[in-house]
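All remarks here apply to the structure that follows.
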Amino acid sequence: MTKKVLFVCMGNICRSPAGAAVMQRFAEEFRVDVDIDSAGTHGYHVGETVDARMLAAAEVRGYELTSRARKVTPEDLDPDQFDLVLAMDTENHTILLEMAGGIKTHIRMFSDYLDDDDWPTDVPDPYYGEEDGFDEVLDMLEEGCPVILQTLMGESIFDGMFEE
Numbered sequence: 528m529t530k531k532v533l534f535v536c537m538g539n540i541c542r543s544p545a546g547a548a549v550m551q552r553f554a555e556e557f558r559v560d561v562d563i564d565s566a567g568t569h570g571y572h573v574g575e576t577v578d579a580r581m582l583a584a585a586e587v588r589g590y591e592l593t594s595r596a597r598k599v600t601p602e603d604l605d606p607d608q609f610d611l612v613l614a615m616d617t618e619n620h621t622i623l624l625e626m627a628g629g630i631k632t633h634i635r636m637f638s639d640y641l642d643d644d645d646w647p648t649d650v651p652d653p654y655y656g657e658e659d660g661f662d663e664v665l666d667m668l669e670e671g672c673p674v675i676l677q678t679l680m681g682e683s684i685f686d687g688m689f690e691e
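Using this note's numbering, you'd call the opening residue of the sequence shown number 528 and step up by one each time.
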């Protein structure tokens, strides 16, 4: 059965499209049927392509980010639309819960899938920072996306992957 995942950040030009691309690669690698999308809580960049700095950082790792920014809709937050909605940070998580009319178990923080001791609660927004911020975002995404797939599909997706 196909699962559907939505990554959400503020403007949908850095973190969430990168999350979708990283998740897509892992889904292909593990042969998992997942529909993946991204959106932003704000409409600042609707219709724009991914930020050039994120494109460059992602390209170095072999990711192709081709999406155009869109704003999240209330319909996106219906559990029949997406099995999992992943907010990149606390502020966007709060906005999503308000849009959804309260706590919904399928609207989660991306960091819920990261080791608390190694990673911050928020995937930092690299937009106003330095180049290394884009790499940090990709590091976090590469760490969390396999865990998300495992959670959605079950541990059997890893069968035979790590045997010597």
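Glycine residues also receive a C-beta, built at the ideal position from the N, C-alpha and C atoms.
For clarity, every value in this text was computed on a predicted model and none was experimentally measured.
In the structure shown, the three-state DSSP call for G546 is helix. Taking a C-beta distance under 8 angstroms as the contact criterion, L613 and R635 qualify as a contact pair. Using a Cβ distance threshold of 8 angstroms, A627 and L592 do not count as a contacting pair.
Rounded to the nearest angstrom, the gap between the Cα atoms of N539 and F553 is 20 angstroms.
Cβ atoms of V532 and F637 stay farther apart than 8 angstroms, at about 11 angstroms. A distance of 8 angstroms or more separates the beta carbons of V577 and M615.
In chain order, P544, A547, S565, V577 place their CB closer than 7 angstroms to the CB of S594, counting only its own chain and leaving out the 5 sequence neighbours on each side. Of the other Cβ atoms in all chains shown, fewer than 16 fall within 10 Å of the Cβ of R558; this residue is therefore exposed. For Y590, same chain residues with a beta-carbon under 6 angstroms away, outside a window of 5 residues either side, are A548 in chain order. Collapsing the DSSP output to three states places I675 in a helix.
Sequence-distant Cβ neighbours of L679 in its own chain, meaning closer than 6 angstroms and more than five residues away, are K530. Contact between F661 and A584 is confirmed by a C-beta separation of about 4 angstroms, below the 8 angstroms threshold.
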